[in-house]
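Engineer:
Chains as they are written, first to last, in the working numbering: chain E, 37 to 288; chain G, 21 to 547.
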C-alpha cells in the first residue's frame, strides 16, 4: 500500500492524494475519540465498542481506501488535541503493524491500543498540559502518572483490552525498562508498546507545543535514529523512519 | 457521499436471537412461509414480512420464527444458495414490524446461543439488516447506542458503499466486526436483566494469543504495579496459574506492598486445593505458603489440619502448628473435631495446637483424654488443661495419680503454685507406692509439706522416720534427699505436732549441718 503523511490542520492538506482531498477525513473518528475521553473524564467506563469502531473505521480507510495521514491541530484545544493525537498514533501504528506483517486482527488490536494509549491524560487537568511555562513538581508527577491511570481505566473496561492496558502502561518506558512509571518487575516493554511509543513520539514531535514549534519530519527521523537502541526499539525505529523517509521522498 | 445501503433511517429500530443445525436452507425458508400459509410459491423477504405483519396471530409464532431464522443463519455461508436465503432473511428482517422483530430477538433464551445468533446476524445479513438487529437488540437490553457510534457506523457504511464491488466485502468486514463486538457486549452486559436477557459472564475467558498479545505474566505485573483490576487481569491470572499458582504468588510476594489488585489476585488464586499442593511439597516453600495463607485466611485451616495429620515432614508440621496456632480460638471446633482421629500423633498434635492457639477447654470432650492409654496424649492434655484456671485443679489431680513420670512431673511442677486439696490425699497415697518415680519424690514431699493437710503427715513421717529408738521415740531416717525434704516440710508446717516436734528436736541435735538446717528452718527446697 502507499502511505502519505501530511501536517495540515486536521489533516486537510490539499493535493496530497486524491483520497486526501475529501475534507476532514478523520472528523468522525476524532469526534468519537473526543467523546470517549469525555466519557472517561466524566468518570464513566471506557467505551470500548466506540473505540473499536474508530479502529474499524481507520482500518477500513487504511486497508481498503488506502489512506494514511498524520494530522495536527492547535494545542489550545486540549481535548481535540488528545483525540487527534490518538487517531493519528493509531493510524500510524496500524500502518507499521501492517508493514511488520501482523495479521488483520492484530493490526486492529494494535490500533485499539494506540487509540487509548493516552487515556490516562484525562486525569490530568487541561491547564497543566496547555500552560506555556514550567509546571510544578506536583503537576509533573500527575502527568507522569498518566500511564498508571490509563492502565487502570483500560483494565477495568473489558477482557479484550489487555494489550491496550499494556501499551498505556508501558509507552513511556525505554528499551531497558527505565523511564516511567517505575517498574516493580524490571522488564523490557512489550514489542507493541515500543511500536506505539515510536508513533506517539513521532506525532508528538510533529505537533506544536506551547513551549516549542513542531519539528520538521527530517529532524524527527534524525532524532529517532539517534536514540534507537536506547530510548527506542532499533528495528521498529528503522521501520518507522523508512516509512517517513519514503513519504518525504515521494512528496518531494 | 453515497448512501449505498440506505442507512439513514436505520440504527433506531428493532432486533433478535439465534443458532442453527443442519437441514435444507430452502426447506427452512418454506417453514417460514408456512407460518402464514403461503404455499403457492416461494415468497420474497418483503412478501413474507408483509404477510407476517398482517397476521394477528403472528406474535404467538415469533419463537418459531426466530429459531428458524437462527437455523438459517447458522448454515454454511460458502454455499451460494444459502447466501441467497441470507439475503432473503435480511429483507424479511428489514420489513418485519418492530414488535415481531422484538419477538424474534427474544426467541432464543439461552445466552450463549443468542450470542451465536447475533454474531451470525452481524456476519451474514446485509449491513442494513445487521444494523437493525444491533439497534433492536440495544433497545431490548436497555443499552442505547451512543450517538458517536451511530455516526461512525454510518460513515463507515458510506465509505464501504463507495468502494468498488470487488472490495466491498473487505470494506464491510470492520463494520461487521464492530457490530459483532457490539451485540456480544450487549448480551454480556445488558443494562437490565428482564425478559430473559441474563448477562453472561463465563464465555469470554480465552485470552488472545500471538505476537500482539501481552504475556499473562506481564498483564498481572502491570495490574499489581498500577493497582488495576478487571476481566483482562483475571483472565491473565487464570492463564498464569494454569500450571500452578506459584508464579502468581511469586509476583505478589515481590510487590513492595499489598494493594487492591494484589489482594484481589491473591483471592482469585488462593484455594484450599492449591494450599494442599503447596503444603505437600518437599521442601516446603514457607514464604509461598504464607502468601497463599494470607489470601485464604481461615478457609485454609481445614486443609492445613489435614496436612498436619498426614505429613511426614517435621518442618512442615512445625510450620503448620505455628501458623494454625496464629488463628487462635477460631480453629478450636475444627481441631477438636480432629481429636477423633485414633492415631496418637494426630491427637497429640491437635492438643498441642489447642494449647498453642490459646484455646480454652470447656465442653468436657478433651478432659476425657486424661484417661487415654497413651501417656503422650495424657501429657499433652494435661499441659493444656494446666494452662487454664478452670481446669487446672482437675489436671493436677489427674496428673499426680498418673504413673508415667512425663505426666506426673508437669502436674507436680504446676502444683508448686497451688496444690488443690483434692489432690493431697491422692499424692500422699501415690508417694508411698513403690512405682512412684524416684526423681519426683522430693518435689512431691515438698508439696505435701506445704499443703498443711494431716493426710500428708503420714507420708512425711514415712520418709523422715526409720523405726523407733530404744525408748520408743521415732528415730530419724538415714540422711537422703527425701529424708531432708520430709524434715524440712515438718519444720515448716508441723512444728506443733507432738511427733513432728520430737523428731525435729532430734534432727536439730544432729551433727550433720544439712539435717540441722532442714530441722531449724525448713531450708530444703523443692526441686
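Backbone N, C-alpha and C fix where the C-beta goes; we use that ideal spot for every residue, glycine too. Computed from a predicted model, the values in this text were never measured in an experiment.
Grab me the residues of residue 48/G's own chain with a C-beta within less than 7 Å of its C-beta, minus the 5 sequence neighbours each way, in chain order.
Structural biologist: Closer than 7 Å at the Cβ level, and outside the excluded window around residue 48/G, lie 88, 91, 92.
Engineer: Going along the chain, which residues of the stretch 150-175 of chain G sit with their C-beta nearer than 9 Å to a C-beta in chain E?
Structural biologist: Residues passing the 9 Å Cβ filter: 165, 166, 167, 168, 169, 171, 172, 173, 174, 175.
Engineer: Which value, in whole angstroms, describes the spacing of the CA atoms of residue 141/G and residue 306/G?
Structural biologist: For residue 141/G and residue 306/G, the distance between alpha carbons rounds to 54 Å.
Engineer: With a CB to CB cut of under 7 Å and the five nearest residues on each side skipped, what residues in its chain are close to residue 83/E?
Structural biologist: So the qualifying residues of the chain are 72, 75.
Engineer: How about residue 351/G: is its C-beta nearer than 8 Å to some C-beta of chain E?
Structural biologist: False, the Cβ-Cβ gap to chain E never drops below 8 Å.
Engineer: So, residue 432/G versus residue 467/G, is the Cβ gap smaller than 8 Å?
Structural biologist: Yes, these two residues count as a Cβ contact at 8 Å.
Engineer: Among 247/E, 77/E, 227/E, 181/E, which one has its Cα closest to the Cα of residue 115/E?
Structural biologist: Selected option, being the one with the closest Cα: 77/E.
Engineer: Within 8 Å (strictly less), CB to CB, does residue 269/E reach chain G?
Structural biologist: Judged by the 8 Å Cβ criterion, residue 269/E is not in contact with chain G.
Engineer: Is residue 270/E helix, strand or coil when you go by DSSP?
Structural biologist: If DSSP states are grouped into helix, strand and coil, residue 270/E belongs with the helices.
Engineer: In this structure, how does DSSP classify residue 533/G when only helix, strand and coil are distinguished?
Structural biologist: If DSSP states are grouped into helix, strand and coil, residue 533/G belongs with the helices.
Engineer: Tell me which same chain residues have a C-beta within less than 8 Å of the C-beta of residue 138/E, skipping the five on either side of it?
Structural biologist: Only 146 meet the Cβ criterion.
Engineer: Chain G beta carbons: is any one of them nearer than 8 Å to that of residue 254/E?
Structural biologist: No, residue 254/E lies away from the interface with chain G (no Cβ there is under 8 Å from its Cβ).
Engineer: Please work out which residues of its chain come closer than 7 Å, Cβ to Cβ, to residue 282/G, disregarding the five sequence neighbours upstream and downstream, and give them in chain order.
Structural biologist: So the list reads 244, 272, 275, once near-sequence residues are dropped.
Engineer: Within 8 Å of any Cβ in chain G, is that where the Cβ of residue 199/E sits?
Structural biologist: Taking Cβ atoms only, chain G reaches closer than 8 Å to residue 199/E, which makes this a yes.
Engineer: Quick one, which of 75/G, 72/G, 176/G has its alpha-carbon nearest residue 62/E's?
Structural biologist: Out of 75/G, 72/G, 176/G, 176/G has the C-alpha closest to the C-alpha of residue 62/E.
Engineer: Taking DSSP as the reference, what is the three-state secondary structure of residue 176/E?
Structural biologist: It is helical.
Engineer: Bridge partners for residue 485/G per DSSP, in chain order?
Structural biologist: According to DSSP, residue 485/G bridges with 496/G.
Engineer: Determine, using beta carbons only, whether residue 464/G and residue 451/G come nearer to each other than 8 Å.
Structural biologist: Yes, the pair counts as a contact, with Cβ atoms nearer than the cut-off.
Engineer: Below 7 Å on C-beta distance, what does residue 191/E contact in chain G?
Structural biologist: The answer, in chain order, is 243, 248, 249, 250, 252, 253.
Engineer: Closer than 8 Å is the cut-off here; do at least three beta carbon pairs connect the stretch 195-207 of chain E with the stretch 247-259 of chain G?
Structural biologist: Verdict: yes, contact present.
Engineer: Rounded to a whole number of angstroms, what is the C-alpha to C-alpha distance between residue 80/E and residue 111/G?
Structural biologist: In a straight line, the C-alpha of residue 80/E is about 37 Å away from that of residue 111/G.
Engineer: State yes or no: is the C-beta of residue 312/G within less than 8 Å of the C-beta of residue 290/G?
Structural biologist: Contact: yes.
Engineer: What does residue 198/G reach in chain E if we use C-beta pairs closer than 8 Å?
Structural biologist: The answer, in chain order, is 85, 88, 89, 92.
Engineer: So for residue 548/G, helix, strand or coil by DSSP?
Structural biologist: This structure cannot speak to residue 548/G, because chain G is shown only from 21 to 547.
Engineer: First and last residue of the alpha helix (DSSP H) that includes residue 135/E?
Structural biologist: Per DSSP, residue 135/E belongs to the alpha helix (DSSP H) from 114-135.
Engineer: Compare the Cα-Cα distances from residue 183/E to each of 125/E, 235/E, 168/E, 152/E and report the closest residue.
Structural biologist: Checked all of 125/E, 235/E, 168/E, 152/E; the closest Cα to residue 183/E is 152/E.
Engineer: Should residue 164/G be labelled buried (16 or more other beta-carbon atoms within 10 Å of its own) or exposed?
Structural biologist: Exposed: under 16 other Cβ atoms inside 10 Å.
Engineer: Could you work out which residues of chain E lie near residue 276/G, taking near to mean beta carbons separated by less than 7 Å?
Structural biologist: Within 7 Å Cβ-Cβ: 220.
Engineer: Can you name, in chain order, every residue of its own chain whose Cβ lies under 8 Å from the Cβ of residue 347/G, other than the five neighbours on each side?
Structural biologist: Around residue 347/G: 318, 321, 377.
Engineer: Please list the terminal residues of the continuous alpha helix (DSSP H) segment that includes residue 79/E.
Structural biologist: Per DSSP, residue 79/E belongs to no alpha helix (DSSP H) and is neither H nor E.
Engineer: Less than 7 Å between C-beta atoms, sequence neighbours within five positions excluded: which residues of the same chain meet that for residue 497/G?
Structural biologist: Taken in chain order, the residues that qualify are 483, 484, 485, 486, 503.
Engineer: Quick check on the DSSP output: the alpha helix (DSSP H) that includes residue 73/G runs from which residue to which?
Structural biologist: Taken as a continuous stretch (DSSP letters only), the alpha helix (DSSP H) holding residue 73/G covers 65-74.
Engineer: Once you ignore the five residues that flank residue 205/E on each side, which residues in its own chain have a CB closer than 6 Å to its CB?
Structural biologist: Taken in chain order, the residues that qualify are 183, 187.
Engineer: On the three-pair Cβ rule with 8 Å, is the stretch 399-415 of chain G touching the stretch 381-389 of chain G?
Structural biologist: They touch, by the three-pair rule.
Engineer: So, with DSSP's three-state summary, where would you put residue 169/E?
Structural biologist: In the structure shown, residue 169/E sits in coil (DSSP, three-state: anything other than H, G, I, E or B).
Engineer: Based on Cα-Cα distance, which residue from 501/G, 488/G, 478/G lies nearest to residue 526/G?
Structural biologist: With distances taken between Cα atoms, residue 526/G lies closest to 488/G.
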